[in-house]
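Heads up, the thing below is written out as structure tokens.
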Amino acid sequence: MEKVYNFKWDHLGDLSVGRPNLGKETSVMVYRLMQYTFKDVFSKEIGKQKTIELFVKAGALAGKEFCRNVLDISLPFDEFIAELKEKLVAFKIGILRIEEADKKKLQFVLTVSEDLDCSGLPIFGESVCNYDEGFIAGILKEYTGKKFTAKEIDCWATGDRTCRFEVKAIEG
Amino acid sequence: MNSRQILEDLNTCFEEAMQRGLGQKGLIFPIDLDNVDDDELKHICVRLAAIFDMLNESYHYSEKLAKGDLKAKPSRTNIFAMPLKGLQASLTHLTWQANQVAEGDLSQQVHFLGRFSDSFNHMIKSLREKEVIEQRLKLISNVIGEGIFLVTSEGKIIFLNPEASRLLGYFPDEIENKFIHEIIHTQRLDGSFYQPGDNPIFNAITHGDKYNNTDGCFTCKSGLLMPVMIACRPVFKEDILDGAVIAFRDITEQKNYLKSLETINSLLEKQASTDTLTGIYNRMKFDEKLMIEIKRAHRYNSPLSFVMFDIDNFKKVNDTYGHLAGDNVLKRLAGLVAANIRDTDIFARWGGEEFVIQLPGLSLARAIIFAEKLRHKIEKYNFKEPEKITVSFGVTVFQARDNNITLTNRADAALYRAKENGRNQVRSSNE
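Note that the protein sequences, when read in sequence, are chains A and B.
Positions 5 to 176 (the numbering used here) are the ones given, in order, by the first sequence.
Positions 103 to 533 (the numbering used here) are the ones given, in order, by the second sequence.
This is the structure we're talking about:
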């Protein structure tokens, strides 16, 4: 085994062969169980801030690969967003909605309802969708070729009913 | 205060709120915490006061949302406002979606908002279908080789396609909102202007009539008149006249083609009826005219004289001076005779050096006088090479049982006698 692991899309495996009876879907509970136990262990090992940074980074890699393998980046912006919304619903990741969009400056305010990471969580008083932040920024970077930041400003865990992200292209 | 008093005060507060509503002030927590001595009761009252604050805040928040204020923001910990935050997010997104649709983005869809999703998505589907129809119509309008105007029922131009713009030389913004009868269709092809009430397109538009004109005329921006074929059709909206569609085609080339065709036909007709050497009628045309004159003479019982003449010793001219000189003699003789007959007379080359003249309305006696005068003029005329020639004449007049052959034969016989008697003389069929 190599010293570092490099993710590739085909590492997700052939689920129709691998899970002929159980199928390709699992429960949100299992997904969250893995994510929040990771968070628990990582934060104790490397600290909370570093853990959050790694979750954002992993989310960005996931967003990049999702965009490459699932989305059609040749579509014009409006149609690309429409397809992204459809795919996020189809994969039961969340319901993406745009509240504000400045296509020239590449600045957006968007929401994800029924979010896979946080919807239904108790109020922690801080946003928890760090993986989502990276995921959104990763998708937009892959589509536009420019770096993005995505900051979650409202979250179920802060008492909201939808996750709200401020997304901006980074100059330079 | 004990717990009973607290409950009684709360009860009074709720009773009033349920009767009068919350109003601007909202629910006012009725307990003065300083008057609650029991610590446990005090804690309960503190939580109750917080609940009152949350209720008041979510009430004002919902009021703002009801007024369309999508920037309203309650505190994060307000548990009563949470479902409204979901609604607020949906409304904010719908506002953005509505703007997207207004800018032509028909990829928008609404999910998970119950009947509203169905209605919105149905609206998008209808707009997409409409867009497809509009794109097809626009494509047809753009590529069709005809100019198209859409006008109101008063004749005001509200649309023109690129071909109309190209043909007339106007940009759309130069002509839109102007009246078609005041700027485009103002004149007839002869240049005269339409008077109020007699402009056919204006009348058709305002009366909701169909109008076709295969020989119409539009005025271009340059001021030039363009011959056009026009079709005007009324447009009705719920049985009420709403304007008209006017299609037109430039027929300048068609008209030029017809004109050149007329010229060619006229030339061909002339060639078919003219003797190429002398320029006067040939025998075929003469026969055609003779049939007409014979019919006329029959119908009106009017005289029709017939003269046949022949150059004396013409072979000698050709032999002595050459065929070119002979041709010149024939041309000069034809010119001389043509200059000395009436417009109504019909003069033709019969063949070789032989000529014929129909003299409608002239009796035999007057035809003989005419022939004699002509003979004399020819005798005196200088033909240059040779200077002098003479001509023999045979004259006859139409008789009731005549046809073109009998009439010609009689004139030919008289001419023969003139030759036999020594040439340079006039002989008639009566002799």
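Note that beta-carbon positions come from the ideal geometry of N, C-alpha and C, so glycine has one too.
No experiment lies behind these values; they were computed from the predicted model shown.
Item to check | residue 411 of chain B burial status per 10 Å Cβ neighbour count (16 or more: buried) | outcome: Here residue 411 of chain B is taken as the residue at index 309 of the second sequence, counted from 1. Around the C-beta of residue 411 of chain B, 16 or more other C-beta atoms lie within 10 Å, and the residue is accordingly described as buried.
Checklist entry - Under the three-state reduction of DSSP, which class applies to residue 190 of chain B: helix, strand or coil? => result The count along the second sequence starts at 1 and reaches residue 190 of chain B at position 88. Three-state DSSP puts residue 190 of chain B in a helix.
Next on the checklist: Please report whether the beta-carbon of residue 257 of chain B lies at a distance below 9 angstroms from any beta-carbon of chain A.
Outcome noted: For the purposes of this step, residue 257 of chain B is identified with residue 155 of the second sequence, where counting begins at 1. Answer no: the Cβ-Cβ gap between residue 257 of chain B and chain A never drops below 9 angstroms.
Item to check | Continuous alpha helix (DSSP H) assignments of at least 4 residues falling wholly in the stretch 208-283 of chain B | outcome: You should have 216-245, 264-270 and 274-277.
Checklist entry - In the stretch 128-152 of chain A, which residues sit with their C-beta less than 9 angstroms from some C-beta in chain B, listed in chain order? => result When CB distances to chain B are screened at a threshold of 9 angstroms, the residues of the stretch 128-152 of chain A falling below it are 129, in chain order.
Checklist entry - Quick one: what's residue 128 of chain A bridged to in DSSP? => result For the purposes of this step, residue 128 of chain A is identified with residue 124 of the first sequence, where counting begins at 1. Note: residue 128 of chain A sits in no beta bridge, so no partner.
Checklist entry - residue 333 of chain B to residue 224 of chain B, Cα distance in whole Å? => result If you number the second sequence from 1, residue 333 of chain B lands on position 231. If you number the second sequence from 1, residue 224 of chain B lands on position 122. Using only the alpha carbons, I get a separation of about 38 angstroms.
Checklist entry - Within this structure, are the beta carbons of residue 125 of chain A and residue 161 of chain A separated by less than 9 angstroms? => result Taking the first sequence and counting its residues from 1, the one referred to as residue 125 of chain A is at position 121. Taking the first sequence and counting its residues from 1, the one referred to as residue 161 of chain A is at position 157. Cβ distance < 9 angstroms, so residue 125 of chain A and residue 161 of chain A count as in contact.
Item to check | Local conformation of residue 104 of chain A per DSSP, three classes | outcome: Position 100 of the first sequence, counted from the first residue, corresponds to residue 104 of chain A. Here residue 104 of chain A sits in strand by DSSP.
Checklist entry - What residues of chain A sit near residue 195 of chain B, judged by a beta carbon separation below 8 angstroms? => result Counted from its first residue, the second sequence places residue 195 of chain B at position 93. What residue 195 of chain B touches in chain A: 101, 102, 103 and 115.
Checklist entry - Would you say residue 181 of chain B reaches chain A, if we count a Cβ-Cβ gap shorter than 9 angstroms as a contact? => result For this step, residue 181 of chain B is matched to residue 79 along the second sequence. At least one CB atom of chain A sits nearer than 9 angstroms to the CB of residue 181 of chain B.
Item to check | residue 352 of chain B versus B:341, B:315 and B:369, residue with shortest Cα-Cα distance | outcome: To locate residue 352 of chain B, count along the second sequence from 1; it is residue 250. If you compare the alpha carbons of B:341, B:315 and B:369 with that of residue 352 of chain B, the shortest gap goes to B:315.
Checklist entry - On the three-state DSSP scale, how would you describe residue 376 of chain B? => result As a position in the second sequence, residue 376 of chain B is number 274, starting the count at 1. DSSP places residue 376 of chain B within a strand segment (E or B) once states are collapsed to three.
Checklist entry - Would DSSP call residue 138 of chain B helix, strand or coil? => result As a working mapping, residue 138 of chain B is identified with position 36 in the second sequence. If DSSP states are grouped into helix, strand and coil, residue 138 of chain B belongs with coil.
Next on the checklist: Between residue 408 of chain B and residue 502 of chain B, how many whole angstroms is the CB-CB distance? I'm expecting something under 8 angstroms.
Outcome noted: For the purposes of this step, residue 408 of chain B is identified with residue 306 of the second sequence, where counting begins at 1. For the purposes of this step, residue 502 of chain B is identified with residue 400 of the second sequence, where counting begins at 1. The distance from the Cβ of residue 408 of chain B to that of residue 502 of chain B is about 15 angstroms, inconsistent with a contact at the 8 angstroms cut-off.
Item to check | Identity of the residue in B:390, B:193 and B:492 nearest residue 418 of chain B by Cα | outcome: Walking along the second sequence from the start, residue 418 of chain B turns up at place 316. In terms of CA proximity to residue 418 of chain B, B:492 leads the group B:390, B:193 and B:492.
Checklist entry - Hey, out of A:107, A:62, A:43 and A:71, whose CA is closest to residue 82 of chain A's CA? => result The count along the first sequence starts at 1 and reaches residue 82 of chain A at position 78. Closest by alpha carbon: A:107.
Next on the checklist: Rounding to the nearest angstrom, what Cα-Cα distance links residue 461 of chain B and residue 483 of chain B in this structure?
Outcome noted: For the purposes of this step, residue 461 of chain B is taken as residue 359 along the second sequence, with counting starting at 1. For the purposes of this step, residue 483 of chain B is taken as residue 381 along the second sequence, with counting starting at 1. The C-alpha of residue 483 of chain B is placed about 23 angstroms away from the C-alpha of residue 461 of chain B.
Next on the checklist: Considering only their Cβ atoms, is the gap separating residue 495 of chain B from residue 528 of chain B smaller than 9 angstroms?
Outcome noted: Sequence index remark: in the second sequence, residue 528 of chain B carries index 426 (1-based). Sequence index remark: in the second sequence, residue 495 of chain B carries index 393 (1-based). Taking 9 angstroms as the Cβ cut-off, residue 528 of chain B and residue 495 of chain B qualify as a contacting pair.
Checklist entry - residue 83 of chain A touches chain B at which residues, Cβ-Cβ below 7 angstroms? => result One-based indexing of the first sequence puts residue 83 of chain A at position 79. For the C-beta of residue 83 of chain A, the chain B residues within less than 7 angstroms are, from N- to C-terminus, 209.
Item to check | the stretch 274-285 of chain B in contact with the stretch 356-376 of chain B per 3-pair CB rule at 8 angstroms | outcome: No, the stretch 274-285 of chain B is not in contact with the stretch 356-376 of chain B.
Item to check | Beta carbon proximity, residue 154 of chain A to chain B, threshold 9 angstroms | outcome: Position 150 of the first sequence, counting from 1, holds the residue named residue 154 of chain A. Residue contact with chain B for residue 154 of chain A: absent (no Cβ-Cβ distance below 9 angstroms to any residue of chain B).
Checklist entry - Alpha carbon to alpha carbon, how far is residue 441 of chain B from residue 480 of chain B? => result Numbered from 1 along the second sequence, position 339 holds the residue referred to as residue 441 of chain B. Numbered from 1 along the second sequence, position 378 holds the residue referred to as residue 480 of chain B. Residue 441 of chain B and residue 480 of chain B: Cα-Cα distance of roughly 12 angstroms.
Checklist entry - Do residue 120 of chain A and residue 35 of chain A have their C-beta atoms within less than 9 angstroms of each other? => result As a working note, residue 120 of chain A is residue 116 in the first sequence. As a working note, residue 35 of chain A is residue 31 in the first sequence. The criterion of a C-beta distance shorter than 9 angstroms is satisfied by residue 120 of chain A and residue 35 of chain A.
Item to check | Separation of residue 230 of chain B from residue 135 of chain A, as counted between CA atoms | outcome: Translated into positions along the first sequence, residue 135 of chain A becomes position 131. Translated into positions along the second sequence, residue 230 of chain B becomes position 128. The straight-line gap separating the alpha-carbon atoms of residue 135 of chain A and residue 230 of chain B is approximately 36 angstroms.
Checklist entry - What's the C-alpha gap between residue 233 of chain B and residue 251 of chain B? => result Along the second sequence, one-based indexing puts residue 233 of chain B at 131. Along the second sequence, one-based indexing puts residue 251 of chain B at 149. Here the alpha carbons of residue 251 of chain B and residue 233 of chain B stand approximately 21 angstroms from one another.
Checklist entry - Which bits of chain A does residue 187 of chain B rub up against, with CB to CB less than 9 angstroms? => result The sequence position of residue 187 of chain B within the second sequence is 85, counting from 1. Residues of chain A passing the Cβ test: 158, 163, 164, 165 and 166.
Next on the checklist: Under 9 angstroms, Cβ to Cβ, is there at least one residue of chain B near residue 170 of chain A?
Outcome noted: Against the first sequence, residue 170 of chain A aligns to sequence position 166. No, because no Cβ of chain B sits closer than 9 angstroms to the Cβ of residue 170 of chain A.
Next on the checklist: Beta-carbon within less than 6 angstroms of residue 97 of chain A's beta-carbon, same chain only, minus the 5 sequence neighbours each way: which residues are those?
Outcome noted: Taking the first sequence and counting its residues from 1, the one referred to as residue 97 of chain A is at position 93. 120.
Next on the checklist: Can you give me the C-alpha to C-alpha distance between residue 204 of chain B and residue 118 of chain A, rounded to a whole angstrom?
Outcome noted: The count along the second sequence starts at 1 and reaches residue 204 of chain B at position 102. The count along the first sequence starts at 1 and reaches residue 118 of chain A at position 114. Taking the straight line from one Cα to the other gives about 28 angstroms.
Checklist entry - Of all Cβ atoms in chain A, is any one closer than 9 angstroms to the Cβ of residue 149 of chain B? => result Residue mapping note: residue 149 of chain B aligns to position 47 of the second sequence, counting from 1. Not an interface residue.
Checklist entry - Using a beta-carbon distance below 9 angstroms, is residue 34 of chain A in contact with chain B? => result By one-based count along the first sequence, residue 34 of chain A stands at place 30. Closer than 9 angstroms: no.
Checklist entry - Is the beta carbon of residue 596 of chain B less than 9 angstroms from the beta carbon of residue 380 of chain B? => result Since the first and last residues shown for chain B are 103 and 533, residue 596 of chain B lies out of range.
Checklist entry - From this set, B:470, B:511, B:519 and B:420, which residue's C-alpha is nearest residue 488 of chain B's C-alpha? => result The count along the second sequence starts at 1 and reaches residue 488 of chain B at position 386. Of the listed residues, the one whose Cα sits closest to residue 488 of chain B is B:420.
Checklist entry - To which residues of the same chain is residue 486 of chain B closer than 8 angstroms at the C-beta, ignoring the five residues directly before and after it? => result For the purposes of this step, residue 486 of chain B is taken as residue 384 along the second sequence, with counting starting at 1. Leaving aside the five residues that flank residue 486 of chain B on each side, the residues in its chain whose CB is nearer than 8 angstroms to its CB run, in chain order, 430 and 434.
Checklist entry - Terminal residues of the continuous alpha helix (DSSP H) containing residue 49 of chain A? => result Here residue 49 of chain A is taken as the residue at index 45 of the first sequence, counted from 1. That run of the alpha helix (DSSP H) goes 32-50.
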